[in-house]
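Let me begin by presenting the structure, written as structure tokens, before commenting on it.
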Amino acid sequence: MRELAASTISDHVAEMCQEANIYLGEDVFKALQDSLETEESPTGKEVLRQLIENVEIARNEQIPICQDTGFAVFFVEWGQEVHLSGGTLDEAINAGVRRGYEEGYLRKSIVDDPLYNRKNTGDNTPAVIYTDFVPGDKVKISFAPKGGGSENMSSVKMLKPSDGEAGVIDFVVNHVKAAGPNPCPPIVVGVGIGGTFDKVAVLAKKALFRPVGRAHPDSAFAALEKTILDKINDLGVGPQGFGGRTFALAVHIETFPSHIASMPAAVNINCHACRHLERVI
Amino acid sequence: MEPKRIQAPLTDEVVMSLKAGDNVLISGVIYTARDAAHKKLVELMDKNEPLPIDLQGQFIYYVGPTPAKPGQAIGSAGPTTSGRMDVYTPRMLEKGMKACIGKGLRSQAVKDALQKYKGVYLAAVGGAGALLSKRIKKSEVVAYPELGAEAIHRLEVEDFPATVINDVYGNDLYAEGAKAYAR
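Listed in order, the protein sequences are those of chains A and B. Under my numbering, the first residue of the first sequence is numbered 1, with each subsequent residue one higher. Under my numbering, the first residue of the second sequence is numbered 1001, with each subsequent residue one higher.
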């Protein structure tokens, strides 16, 4: 059994909160640069230039890419041969978030009671944490600060199996079309298919953690990602919704087996600041 | 197309000259307000009480910045989704507000009120918070400090970039822009 101190997890998490919010991943940065080549609208090109410059300013001056530094979302793959000492995993991660958001001058965007008081917790906790147990003696922590504007433009639909591929395409494309300029395009579209009502939403979230440019390993789903991406970009909504050819940078699909009676689908949208980071400890 | 340089606060003459799709660079003084501050302002209007800021001719920027680091005027400061302010915006226009800056779709009631009270809705590039922060030279809280990032701030801006979405003539860049590039 490998011993791992809770404080080690907290230290990594605190660093990851700051790093993810200041440095946009090379995958998304490259996608933005590539889209500048293919964008046809002059206004769309100007938006993309501003976004690229924004990423560079953030990196050079250590300023958050976006003022919405997000809900802290974690996927943890915990090796079963690792024993955590000195606290629980949730406590360790939340302690890291608390420190990272304070030391990094990041915005605290979480309110305690969602309906009545809506009082800011003041330290961006609690985080949303999903944990899977895996073989081995390593811990993989994936983190994404998830912005509220794009999160609000997300949806789950309990499709019927007979709706088929066309049903999935229609649901995703129509949903993204209705979202329009709100989620800060160019967007990354996370799609979940299968599982249960709750599972499918988590799949869509997990899809946003995949590096932009990496297709689904199954060729049928990779082709569906491409089909949906083309249809979304053909809407003409463009960067920031000002009109253009770059409404989305990527569509990522994640799937899970489903019940014989069901075919749930979910869409989780990320803005162009598709911040995600992983570390193996 | 070269951006138009405009001064804040705005005159009716300048408002009338702005068309959906125009890129502008704003210099002068603007104010910030998000959901919570709007709610408080409209509650005061309901009670016929004086507002903490004079809205006449003013720009309202929908933003909740990150905390400023030592030596910075402001932290990352891009626009938030405007639709959440839709219920309050006609009241703000009635009280003299001339322009609001955010991102995303507005309701028909807001578009109608922009025409009625001669106002414009502009979008800044959502998610370009680091870039936009460089165009804000000074920031101070002028009302509701208890709201933190959501307090009303007075901002001095220089060449702050934005794009006109809805003008006083009923044009809408979000509708027209997509039409031009759809296939």
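All C-beta atoms in this analysis are idealised placements derived from N, C-alpha and C, irrespective of residue type, glycine included.
Test item: CB-CB of B:G1126 and B:G1078 under 7 Å: Residue numbering aside, residue 1126 of chain B sits at position 126 when the second sequence is read from its first letter. Residue numbering aside, residue 1078 of chain B sits at position 78 when the second sequence is read from its first letter. Yes; because the gap between Cβ atoms is below 7 Å, this pair is in contact.
Boundaries of the beta strand (DSSP E) in which A:D132 is found, first to last residue: By 1-based counting over the first sequence, the position of residue 132 of chain A is 132. Per DSSP, A:D132 belongs to the beta strand (DSSP E) from V128 to V134.
A:A127 classed as buried or exposed, judged by whether at least 16 other C-beta atoms fall within 10 angstroms: Here residue 127 of chain A is taken as the residue at index 127 of the first sequence, counted from 1. A:A127 should be labelled buried.
When A:K138, A:E165 and A:I193 are compared against A:H367, the one with the closest alpha-carbon: It is not possible to answer for residue 367 of chain A, since the shown part of chain A is limited to 1 through 281.
Separation of A:G70 from A:G147, as counted between CA atoms: Taking the first sequence and counting its residues from 1, one reaches residue 147 of chain A at position 147. Taking the first sequence and counting its residues from 1, one reaches residue 70 of chain A at position 70. Answer to the nearest angstrom: the Cα atoms are 4 Å apart.
Exposed unless 16 or more other CB atoms sit within 10 angstroms - verdict on A:Y116: As a working mapping, residue 116 of chain A is identified with position 116 in the first sequence. Its Cβ having fewer than 16 others within 10 Å, A:Y116 is exposed.
Inter-stretch contact (C-beta, 8 Å, three-pair minimum) for the region 1147-1154 of chain B and the region 219-228 of chain A: no
Inter-residue CB distance, B:V1015 and B:K1138 (contact presumed, cutoff 8 Å): For the purposes of this step, residue 1015 of chain B is taken as the residue at position 15 of the second sequence. For the purposes of this step, residue 1138 of chain B is taken as the residue at position 138 of the second sequence. The Cβ separation is near 25 Å, so there is no contact.
Endpoints, the alpha helix (DSSP H) within which B:A1180 is located: Residue numbering aside, residue 1180 of chain B sits at position 180 when the second sequence is read from its first letter. Start and end: L1173 to Y1181.
CB contact flag (A:L24, A:I52, <7 Å): For the purposes of this step, residue 24 of chain A is taken as residue 24 along the first sequence, with counting starting at 1. For the purposes of this step, residue 52 of chain A is taken as residue 52 along the first sequence, with counting starting at 1. The answer is no: Cβ separation not under 7 Å.
Short Cβ contact (7 Å threshold) for A:G236 with B:A1182: Locating residue 236 of chain A in the first sequence gives position 236, counting from the first residue. Locating residue 1182 of chain B in the second sequence gives position 182, counting from the first residue. In contact: A:G236 and B:A1182 (Cβ atoms closer than 7 Å).
Per DSSP, the bridge partner or partners of A:R98: The residue labelled residue 98 of chain A in the question sits at position 98 within the first sequence. Paired residue(s): none; A:R98 is not in a bridge.
Bounding residues of the beta strand (DSSP E) (the contiguous stretch that carries A:F71): Residue mapping note: residue 71 of chain A aligns to position 71 of the first sequence, counting from 1. Taken as a continuous stretch (DSSP letters only), the beta strand (DSSP E) holding A:F71 covers F71 to G79.
DSSP state of A:V280 mapped onto helix, strand, coil: Position 280 of the first sequence, counted from the first residue, corresponds to residue 280 of chain A. It is a strand residue.
Cβ-based contacts, 8 Å cut-off: residues of the region 1170-1183 of chain B near chain A: L1173, Y1174, E1176, G1177, A1178, K1179, A1180, Y1181, A1182 and R1183
Cβ neighbours of B:Y1144 in the same chain (closer than 8 Å, five flanking residues each side left out): Translated into positions along the second sequence, residue 1144 of chain B becomes position 144. Correct list, in chain order: A1036, A1037, K1040, P1052, E1150, A1151 and I1152.
Proximity test, Cβ basis, 7 Å: B:P1067 and chain A: Counted from its first residue, the second sequence places residue 1067 of chain B at position 67. Yes, because at least one Cβ of chain A sits closer than 7 Å to the Cβ of B:P1067.
Reference A:V267, options A:R275, A:G164, A:R98 and A:H175, closest by Cα: Counted from its first residue, the first sequence places residue 267 of chain A at position 267. That would be A:H175, whose Cα lies nearest to the Cα of A:V267.
Neighbour flag for A:E53 against chain B, beta carbons, 7 Å: Position 53 of the first sequence, counting from 1, holds the residue named residue 53 of chain A. Judged by the 7 Å Cβ criterion, A:E53 is in contact with chain B.
Residue-chain proximity (B:T1081, chain A), Cβ-Cβ < 7 Å: By one-based count along the second sequence, residue 1081 of chain B stands at place 81. Yes, because at least one Cβ of chain A sits closer than 7 Å to the Cβ of B:T1081.
Listed by chain order, chain A residues near B:A1033 by CB distance under 9 Å: On the second sequence, position 33 is the one that residue 1033 of chain B refers to. Chain A residues near B:A1033: none, gap ~15 Å exceeds 9 Å.
Minimum Cβ-Cβ distance from A:Y23 to chain B less than 7 Å: Reading the first sequence from its first residue, position 23 is the one you call residue 23 of chain A. The beta carbon of A:Y23 does not come within 7 Å of any beta carbon belonging to chain B, so the residue lies off that interface.
Interface flag, A:H320 vs chain B, CB-CB below 7 Å: Past the edges of chain A, shown from 1 to 281, lies residue 320 of chain A, and the structure says nothing about it.
Where the beta strand (DSSP E) containing B:V1142 begins and where it ends: Locating residue 1142 of chain B in the second sequence gives position 142, where the first residue counts as 1. Segment I1136 to A1143, the beta strand (DSSP E) holding B:V1142.
Top-ranked residue by Cα proximity to B:K1103, from B:D1159, B:A1113, B:G1129 and B:V1042: Locating residue 1103 of chain B in the second sequence gives position 103, counting from the first residue. Among B:D1159, B:A1113, B:G1129 and B:V1042, the Cα nearest to that of B:K1103 belongs to B:G1129.
Chain B contact residues for A:Q18, given Cβ-Cβ distances below 9 Å: By one-based count along the first sequence, residue 18 of chain A stands at place 18. Annotation: A:Q18 has no Cβ neighbours in chain B at a cutoff of 9 Å; minimum Cβ distance is about 12 Å.
Delimiting residues of the alpha helix (DSSP H) encompassing A:T8: Position 8 of the first sequence, counted from the first residue, corresponds to residue 8 of chain A. Run containing A:T8: A6 to I22, per the alpha helix (DSSP H) assignment.
Distance CB(B:V1157)-CB(B:I1030) smaller than 7 Å: Locating residue 1157 of chain B in the second sequence gives position 157, counting from the first residue. Locating residue 1030 of chain B in the second sequence gives position 30, counting from the first residue. Taking 7 Å as the Cβ cut-off, B:V1157 and B:I1030 qualify as a contacting pair.
Contiguous beta strand (DSSP E) assignments of at least 3 residues, all confined to the region 1008-1041 of chain B: With a minimum length of 3 residues, the continuous beta strand (DSSP E) runs that stay inside the region 1008-1041 of chain B are 1023-1032.
Interface partners of A:Y105 on chain B, CB under 8 Å: Against the first sequence, residue 105 of chain A aligns to sequence position 105. Under the 8 Å cutoff, chain B gives T1066, P1067, A1068, K1069 and G1075.
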